[in-house]
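A.B. asks:
Number of protein chains: 4
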Amino acid sequence: MKFSFKNDYSEGCHPNILRALSEHNEDQQAGYGEDQYSLQAKELIKVRMNSKASDIYFISGGTQANLIVISSVLRPYQCAVSASTGHILNNETGAIEATGHKVLSVETEDGKLKPSDITPVLESHRNRPHQVMPKLVYISNSTELGTIYDRGELEALSEFCKLHDLYLFMDGARLGHGLTAATSDLTLEDVARLTDVFYLGGTKNGALIGEAVVINNPLLQQDFAFNIKQKGALLAKGRLLGIQFLELMKGDLYFDLAKHANRQAMKIKNFLKERGVEFLSDTYTNQIFPILSNTLIERLSEDFEFYVWKKMDEHFSAIRLITSWNTADEAVIRFTEAIEHQMPEI
Amino acid sequence: MKFSFKNDYSEGCHPNILRALSEHNEDQQAGYGEDQYSLQAKELIKVRMNSKASDIYFISGGTQANLIVISSVLRPYQCAVSASTGHILNNETGAIEATGHKVLSVETEDGKLKPSDITPVLESHRNRPHQVMPKLVYISNSTELGTIYDRGELEALSEFCKLHDLYLFMDGARLGHGLTAATSDLTLEDVARLTDVFYLGGTKNGALIGEAVVINNPLLQQDFAFNIKQKGALLAKGRLLGIQFLELMKGDLYFDLAKHANRQAMKIKNFLKERGVEFLSDTYTNQIFPILSNTLIERLSEDFEFYVWKKMDEHFSAIRLITSWNTADEAVIRFTEAIEHQMPEI
Amino acid sequence: MKFSFKNDYSEGCHPNILRALSEHNEDQQAGYGEDQYSLQAKELIKVRMNSKASDIYFISGGTQANLIVISSVLRPYQCAVSASTGHILNNETGAIEATGHKVLSVETEDGKLKPSDITPVLESHRNRPHQVMPKLVYISNSTELGTIYDRGELEALSEFCKLHDLYLFMDGARLGHGLTAATSDLTLEDVARLTDVFYLGGTKNGALIGEAVVINNPLLQQDFAFNIKQKGALLAKGRLLGIQFLELMKGDLYFDLAKHANRQAMKIKNFLKERGVEFLSDTYTNQIFPILSNTLIERLSEDFEFYVWKKMDEHFSAIRLITSWNTADEAVIRFTEAIEHQMPEI
Amino acid sequence: MKFSFKNDYSEGCHPNILRALSEHNEDQQAGYGEDQYSLQAKELIKVRMNSKASDIYFISGGTQANLIVISSVLRPYQCAVSASTGHILNNETGAIEATGHKVLSVETEDGKLKPSDITPVLESHRNRPHQVMPKLVYISNSTELGTIYDRGELEALSEFCKLHDLYLFMDGARLGHGLTAATSDLTLEDVARLTDVFYLGGTKNGALIGEAVVINNPLLQQDFAFNIKQKGALLAKGRLLGIQFLELMKGDLYFDLAKHANRQAMKIKNFLKERGVEFLSDTYTNQIFPILSNTLIERLSEDFEFYVWKKMDEHFSAIRLITSWNTADEAVIRFTEAIEHQMPEI
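Protein chains in written order, with full-length UniProt numbering: chain A, 1 to 346; chain B, 1 to 346; chain C, 1 to 346; chain D, 1 to 346.
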């Protein structure tokens, strides 16, 4: 059977979660997120990010979190701004537009937005009231290209947003991976301090489902639960989300799982680098994009699953490899050995 | 600690589900509902309802299922018709309207719609194009009042809908309870034959989350998955839904769980009836609405949780008691004994 | 040819408007409502209602005004409350719901909302966040049944809305007729003082198209123009609306036209009353609902157009007669003579 | 007073329209587009485009027409494709997105879409159901850059759309100008034959308001009127639109007005070309984009209004000049003389 490096949601969840689900299975709890586990999990997150005044809601998945947050904070004529690689632009079947809001796309080199990327958007949208009003900046960390924001970059962006009366919203489907990358100096505390809203992804970091939406800006907190219910995202058995985040936030589990995924990716990356392979982008998280010969790619495909990401020229393509909280050393070894075996073909 | 009869989603899930989640936890599977468990579970449901041509999709919860189905099948100017007690009218924060569609409300005695309830709605909406066009009939089985449709009633409604070019959509959040009620002659096969769309509820019948949306009308099947994704309801780890329905559909588990819930409710009902208690409605499913003295209600509240549903007069109110797949005999006994103890107060 | 009492928009517009359109036809003006006529017309309205701080926008028609105002002021989970006879509930093809917002319907006797009508709505919508949040009260003056609010009633409603943090929005498609009814003690100044938003209808009072939306609540003024543009309601040649309102607001023309319409309706009403005819509702504006024998209705139908509004019993029905700014004495005389001629049939 | 070349909606309407409005002012007519003038105008258009089976609706303006057409024909998960210069992308405050639909933007040189522009969009949107489904191709003729489609181009695009099951929708706000350009071989008959929907613009070609939406594809005709009403675009006094189109379609008036506008623009264009001025794009309709020195632009601004469209370098910019059905020879002469006077500065 082929081993899959296609994504970080191919397996189930961390065993601690299954254990806790079993242990608490018979307890009667209030529905709709009022259960004890959800309340405790929220407290742990607040302590961790040192932001007592933030509001936290657990939601099943990333698209759902994105559409609820964006439709909740924008007025009908306001829009979001995203890097052209943003998940909301390419991979959510128009979920944001379906709530009535445009997403303006900005070309970037590395999937990250800088103030200088946004300034031209603001300047080209001043024909009031004939154009949408940019009001929310959507970023991902780590990004869809595996890159990350460092503290200085996020501070600059946050300051820019405040200056221009824009909300800053971070899609954290892979926030664990972003924060624990070897090159990252950003902390969860920083993220809470510098964004208006963000979420802490569970689905891609050891949970079955679940993203923890954190609302830091008090103006955006009011009545948020209504939006969750209206979009069909308020689980009757909210305990399912609560138990998972409670387990993930105990000790350093959440961050350890992300570190593991990053580490496994870096092993493959370093292995390839040593052999002279080039990469589409220089990443330190659990997504890597090595450029390989089509012949090698074909042979690797016999034993492994992954996406061919981009055709570079007639003979070479970049592939995307994703490791997860559950990627075993064995899988990494099998993959590097397969490469070694085909070495002349790199 | 108080025992709760407030709803049928206070506990976790059937142990078979937890066992299966553990057993398959390490298997790598395709995401977004393409996993093997989902595919197998769908096959089991198709066999059970004898409807190979139906399409099935697993969705997290009832509000989500309702809003996706309704927004998917209606044109912008079309609307749904529902009994005034319908979940979509009262308990979903305007989720249907948020997708752009009106829901017309019809007063009924028992939460069920008959052709004669719908005819006046059609007659009063003929001022084209100045009024919304009724196009979908929304029913629940069992209903929000615990009542059920028998086969003759559903056949009559289905025929009426076909005659008037209306879609018939059954909210089956408690379909198991409806079909296994002692007084029901309706089968899952009938439901598949007589409705355009319906769903088979998991959340209220032993699953952690999950409703199986079944699309019988081929015209409504096209591209349905896009709607699920766009509304944020396509889980990356669709395996979570697949595994649950696979377990529930093995043998008769799904129906056995519902039968158990009904049986426990009937025990309480019969106990009260024998003592002369009257009920708000005559139900045979897991929801009962006994009318008790306020004094008794108060005393019961010390040991049990339940909703006070409706004030009848100065001294009496109807309460709602809900039993579940997990309501133990002990809970029933504790409750009836508590009543017995307070007997003069009934 | 039959004379039509079906509505108040069967004819063109007041001749002063045509004259002004011709006179200014060659003047070059800024587009999108920035023309001189619009600016002047707004000033005249502000003076008339003694409310300098209000914002005014001209919009083509009533449905458009309703949907823009309501979708502009509500958050996604908030809804409007309307009398069951409200235009937004019955005659706008779900225009409000199409913007995502539910409209809660309240049964009334006369098409008017009182605080005691709204209190039960608030009380039955407290299951946060599972239900929509009532936030805007929609009223019409004159109502769809021809009735009007007096000052005391509007003050009570306004106070109630402020107390419960609800917006009060008056649909003024026939505001001229409401304010100039013989029994009205309400003034335009009162309306500006007591509502958050209202509009002054042109289409049904002598204009070709046009409603003047007046936003009194400063919190609702911000960025309103964006909503108009987004809904396709910002006319390139805003001059068409500006010129019309400028003419209507010169002197007392707007109110004189409404008074004329009311007067003609009252002539018919009094004529019928003197002959013992009863009415569905006791109105003093340009809509009357006499109850006539079906035989008489049939004969009148040969020479006049009107709506048969409601079947009263086997032999009698209420009809709706609407007079307009342009209903000539001759039409009234022809109608009363036709009645006179058929008198035994009343 | 400055003469304005800013747009083609600075003045009122063609005198024939004012005459007809006056002449028919007292006639009673049915409301909501059922008036005699509307019916006659539709017949004239059908004859003119030789397409009896098409359905026609009159709507107030372009943004309204665009949003009603697009939201009416698309399913929720489908989207439109437009040149990046498209009016729906830049100048309508997100009106299309507000109805729930994304608009994919394609970079072009001249504001026109070719099959080869659309193919990559289709290819990059095949990750079903994770991406929106391109379903409607939006084009303008003449375009926002003043360019036009010739018959061969439109035939190729139409064939491509049929092949890929895409709807072809032409925004014809300036269709008169497009069809009567000296270089155009396209006819109204061609447009009716080759598009699924288009509209014939009145607002920018001599009417006060009004676009005639023509639905050629029978599948898109059903219930279209409901959408118009729901979006607030069904005028009570539809006569206002009917009378205008009836006058414009009598004889060749509509086309003569557009020809006049084109001719005046060409006079200025030729004058400038003879003097060596270059243009941003080579247009033959009523929009021209000459590149002038900033010094000259500044001097011209003292006597004329126009938009500075694009900065070319430090010393030169392109301006946009628009002529209209009403641009007198005198205005053209004043402008060319002003240029002549400043000649050394070109």
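For each residue, glycine too, the CB sits at the ideal point set by N, CA and C.
Just so we're clear, the structure is a prediction, and the values are computed from it rather than from any experiment.
Please identify the residue among SER293/A, VAL106/A, GLU247/A whose C-alpha is closest to the C-alpha of GLY276/A.
C.D. replies: It is SER293/A whose Cα lies nearest to the Cα of GLY276/A.
A.B. asks: Name, going along the chain, the residues of the segment 211-239 of chain B whose beta-carbon falls closer than 8 Å to a beta-carbon of chain A.
C.D. replies: Cβ contacts with chain A come from PHE226, LYS229, GLN230, LYS231, GLY232, ALA233, LEU234, LEU235, ALA236, LYS237, ARG239.
A.B. asks: Are there 16 or more other CB atoms within 10 angstroms of the CB of VAL73/D, so buried, or fewer, so exposed?
C.D. replies: Label assigned to VAL73/D: buried.
A.B. asks: Could you check which residue in ALA207/B, ARG263/B, SER105/B, ASN216/B has the C-alpha nearest to that of ILE59/B?
C.D. replies: Ranking ALA207/B, ARG263/B, SER105/B, ASN216/B by Cα distance to ILE59/B puts ALA207/B first.
A.B. asks: Check this for me: beta carbons of ASP171/C and TYR138/C, under 9 Å apart or not?
C.D. replies: In contact: ASP171/C and TYR138/C (Cβ atoms closer than 9 Å).
A.B. asks: So for LYS114/D, helix, strand or coil by DSSP?
C.D. replies: Coil at LYS114/D, not helix or strand.
A.B. asks: DSSP three-state label for ILE148/B, please.
C.D. replies: In the structure shown, ILE148/B sits in coil (DSSP, three-state: anything other than H, G, I, E or B).
A.B. asks: Could you give the DSSP three-state label for GLY201/C: helix, strand or coil?
C.D. replies: GLY201/C: strand per DSSP, three-state reduction.
A.B. asks: Residues of chain C with a CB under 9 Å from the CB of TYR77/B: which are they?
C.D. replies: Near TYR77/B (Cβ distances below 9 Å), the residues of chain C are THR93, GLY94, ALA98.
A.B. asks: Using a 10 Å radius around the Cβ and a threshold of 16 neighbouring Cβ atoms, would you call PRO120/C buried or exposed?
C.D. replies: Exposed is the call here.
A.B. asks: Tell whether a beta-carbon distance below 9 Å holds between ASP8/C and ILE322/C.
C.D. replies: Cβ atoms of ASP8/C and ILE322/C: closer than 9 Å.
A.B. asks: To be precise: take each residue of the segment 285-304 of chain D, compare its Cβ to all Cβ atoms of chain A, and keep it if any distance is under 9 Å. Which residues remain?
C.D. replies: So nothing in the stretch comes that close.
A.B. asks: On the criterion of 16 or more Cβ atoms from any shown chain inside 10 Å, does HIS103/D qualify as buried, or is it exposed?
C.D. replies: The sequence shown places Val at residue 103/D, not His. Looking at its Cβ environment, which holds 16 or more other Cβ atoms inside 10 Å, VAL103/D is buried.
A.B. asks: Consider the Cβ of LYS46/D: report whether some Cβ of chain C lies at a distance smaller than 9 Å.
C.D. replies: Output row for LYS46/D: interface = no.
A.B. asks: What number of angstroms, rounded off, separates the C-alpha of SER82/D from the C-alpha of LEU168/D?
C.D. replies: Cα to Cα, SER82/D sits roughly 11 Å from LEU168/D.
A.B. asks: To be precise: take each residue of the segment 100-129 of chain D, compare its Cβ to all Cβ atoms of chain A, and keep it if any distance is under 7 Å. Which residues remain?
C.D. replies: Under the 7 Å Cβ criterion, the segment 100-129 of chain D contributes GLY100, HIS101, LYS102, PRO129.
A.B. asks: Can you list, in chain order, the residues of its chain whose CB lies under 8 Å from that of LEU220/B, leaving out five sequence neighbours each side?
C.D. replies: The answer, listed in chain order, is SER72, VAL73, TYR167, ASP196, VAL197.
A.B. asks: Give the straight-line distance between the Cα atoms of SER281/D and GLY62/D, rounded to the nearest whole angstrom.
C.D. replies: Whole-angstrom Cα-Cα distance: 24 Å.
A.B. asks: Taking LEU241/B and LEU235/B to be in contact with their CB atoms under 8 Å, please state how far apart those CB atoms are, rounded to whole angstroms.
C.D. replies: About 6 Å; that satisfies the 8 Å criterion.
A.B. asks: Check whether chain A comes within 9 Å of TYR32/C, counting only Cβ atoms and requiring the distance to be less than that.
C.D. replies: Cβ-Cβ to chain A under 9 Å: yes for TYR32/C.
A.B. asks: For SER324/C, which residues in chain A fall below 7 Å Cβ to Cβ?
C.D. replies: Per Cβ cutoff of 7 Å: no residues; SER324/C is ~34 Å from chain A at best.
A.B. asks: Run down chain A in chain order and give the residues with a C-beta less than 8 Å from the C-beta of SER71/C.
C.D. replies: Near SER71/C (Cβ distances below 8 Å), the residues of chain A are PRO76.
A.B. asks: Nearest-angstrom Cα distance between ILE70/A and ALA156/D?
C.D. replies: Those two C-alpha atoms are separated by around 40 Å.
A.B. asks: Using 9 Å as the threshold, is the C-beta distance between LYS46/C and SER54/C below it?
C.D. replies: Contact flag set, yes.
A.B. asks: Quick check: is the beta carbon of MET133/B nearer than 9 Å to any beta carbon in chain D?
C.D. replies: At least one chain D Cβ lies under 9 Å of MET133/B.
A.B. asks: Tell me which residue opens and which closes the alpha helix (DSSP H) that MET49/C is part of.
C.D. replies: Segment 36-49, the alpha helix (DSSP H) holding MET49/C.
A.B. asks: Would you say HIS24/C faces chain D, with C-beta separation under 9 Å as the test?
C.D. replies: HIS24/C counts as touching chain D.
A.B. asks: Say whether chain C places a C-beta atom closer than 9 Å to the C-beta of TYR57/D.
C.D. replies: For TYR57/D, the answer is no, since every Cβ of chain C falls outside 9 Å of its Cβ.
A.B. asks: In its own chain, which residues sit with a C-beta less than 7 Å from the C-beta of ASN326/A, not counting the 5 before and 5 after it?
C.D. replies: So the qualifying residues of the chain are GLU11.
A.B. asks: Could you give the C-beta distance for ALA65/C and TYR199/C, rounded to a whole number, given that I count them as a contact under 8 Å?
C.D. replies: The pair is a contact, with the Cβ atoms about 5 Å apart (cut-off 8 Å).
A.B. asks: Under the rule that 16 or more other beta-carbon atoms within 10 Å means buried, what is ASN182/D, buried or exposed?
C.D. replies: Here residue 182/D turns out to be Ala, not Asn, going by the sequence shown. So ALA182/D counts as exposed.
A.B. asks: Are there 16 or more other CB atoms within 10 angstroms of the CB of HIS101/C, so buried, or fewer, so exposed?
C.D. replies: Label assigned to HIS101/C: buried.
A.B. asks: Starting from GLU211/D, trace the beta strand (DSSP E) in both directions and tell me its first and last residue.
C.D. replies: 211-215 is the span of the beta strand (DSSP E), which, as asked, contains GLU211/D.
A.B. asks: Tell me the residue span of the beta strand (DSSP E) that contains ASP55/D.
C.D. replies: It spans 55-59 - the beta strand (DSSP E) in which ASP55/D sits, taken as one unbroken run.
A.B. asks: Per DSSP, LYS310/D forms a beta bridge with which residues?
C.D. replies: LYS310/D is bridged to ALA318/D.
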